[in-house]
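Under the numbering used here, the first residue of the sequence shown is numbered 73, with each subsequent residue one higher.
Report on the structure given below.
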Amino acid sequence: MQGGFNRSTRTGELRLLGTKRSLALAVADPAKVTGRVPHTKGLGLDAAGVALGKDGAVVVDERYQTSVPSIFAVGDVTNREQLTPVALGEAMVVVDQLFGPAAGKAPRSMAYEFIPTAVFTHPNIGTVGLREGDARKKYGEVTIFRSEFKSLKHTLSGSTERTLMKLVVDTKSDRVVGLHMVGAEAGEIVQGFAVAMKAGATKAVFDGTIGIHPTAAEEFVTMREPARS
Ligand SMILES: Cc1cc2nc3c(=O)[nH]c(=O)nc-3n(C[C@H](O)[C@H](O)[C@H](O)COP(=O)(O)OP(=O)(O)OC[C@H]3O[C@@H](n4cnc5c(N)ncnc54)[C@H](O)[C@@H]3O)c2cc1C
Numbered sequence: 073m074q075g076g077f078n079r080s081t082r083t084g085e086l087r088l089l090g091t092k093r094s095l096a097l098a099v100a101d102p103a104k105v106t107g108r109v110p111h112t113k114g115l116g117l118d119a120a121g122v123a124l125g126k127d128g129a130v131v132v133d134e135r136y137q138t139s140v141p142s143i144f145a146v147g148d149v150t151n152r153e154q155l156t157p158v159a160l161g162e163a164m165v166v167v168d169q170l171f172g173p174a175a176g177k178a179p180r181s182m183a184y185e186f187i188p189t190a191v192f193t194h195p196n197i198g199t200v201g202l203r204e205g206d207a208r209k210k211y212g213e214v215t216i217f218r219s220e221f222k223s224l225k226h227t228l229s230g231s232t233e234r235t236l237m238k239l240v241v242d243t244k245s246d247r248v249v250g251l252h253m254v255g256a257e258a259g260e261i262v263q264g265f266a267v268a269m270k271a272g273a274t275k276a277v278f279d280g281t282i283g284i285h286p287t288a289a290e291e292f293v294t295m296r297e298p299a300r301s
């Protein structure tokens, strides 16, 4: 998904960019797709001396400490990645800092690379890592693998639904740095691959992984020919 989404603020329609077939999603409530900003007005944070960013987000350092050392902030109010597991992960980092880690465990830390996300449309959109454009900016040379197909099960169902999968590979290191999918259960599938990506899996590791047949997910480990580089 090279160009991400284009959103109409009037209708809330999302259009998937970077593919010849744009995906138009009719959205009932545009407010739900236009993003959210921290609602910090009226909390008295200015009186407490807690610094806020331009967007009203509470400014924190890498330990989630605000400009007032005794006040910490995590989650949506800091406007980083607005996701439940991220808020939970950040909270665990603060807990370990304040009360110490569990016996025998290292203090937990948060990394913002390779956070998988999904949009629970029908079909799902699942993504982890960098989009093609961002990967090109970061790594310079990338190799793109792409596959679009009708899922085998739809041979029987008669559905015209198609699946799109894409891998973005840093050409120099061979590391898979982006994995994207539009298709049934994309959220479930991408969650599994996110572990491999976090562990630094290369395209060679993907190629050496045996697929489960017949699944859609096996396509991610059988993409042999680059679409472009
Ligand atoms: C429609 C929608 C769908 C979403 N779907 C997903 C999803 O599928 N997956 C996902 O990972 N994330 C999803 N999110 C995002 C997710 O809900 C948030 O990222 C997550 O809840 C952030 O947790 P938080 O603790 O930072 O904030 P919140 O969960 O918003 O918790 C903040 C709490 O503070 C309370 N509060 C606010 N002001 C005050 C006050 N003045 N005094 C006392 N209490 C106050 C609120 O009532 C609330 O309970 C979705 C969000 C929305 C809006």
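Using N, Cα and C, we set each Cβ at its ideal position, and we do this for glycine too.
Because the structure is a prediction, the values reported are computed rather than measured.
Check: Check whether V130 and L117 have beta carbons under 9 Å apart; Outcome: yes
Check: Check whether H252 and V200 have beta carbons under 9 Å apart; Outcome: yes
Check: Reduced DSSP secondary structure (H/G/I, E/B, other) of T150; Outcome: helix
Check: Three or more C-beta pairs below 8 Å linking the stretch 251-270 and the stretch 192-211; Outcome: yes
Check: L124 to H111 span [Cα, whole Å]; Outcome: 11 Å
Check: contact_flag[the stretch 198-218, the stretch 262-277] where n(CB pairs < 8 Å) is 3 or more; Outcome: yes
Check: Beta carbon of T235 nearer than 9 Å to that of S223; Outcome: yes
Check: N-terminal and C-terminal residue of the beta strand (DSSP E) that H226 is part of; Outcome: First-last for H226: H226 to S229, but that is the alpha helix (DSSP H), not the beta strand (DSSP E).
Check: Local Cβ density within 10 Å of R108, reported as buried at 16 or more and exposed below that; Outcome: exposed
Check: Span separating the alpha-carbon of R180 from that of D168; Outcome: 7 Å
Check: Heavy atom of ligand 1 within 8 Å of F192 beta-carbon; Outcome: yes
Check: V277, enclosing alpha helix (DSSP H) - first and last residue; Outcome: K275 to G280
Check: With 16 other Cβ atoms within 10 Å as the buried cut-off, status of P173; Outcome: exposed
Check: CB-CB length for L202 against V249, believed under 8 Å; Outcome: 5 Å
Check: Proximity test, T138 beta-carbon vs ligand 1 heavy atom, cut-off 8 Å; Outcome: no
Check: Assumed close pair V146, V166 - CB separation to whole angstroms, cut-off 8 Å; Outcome: 6 Å
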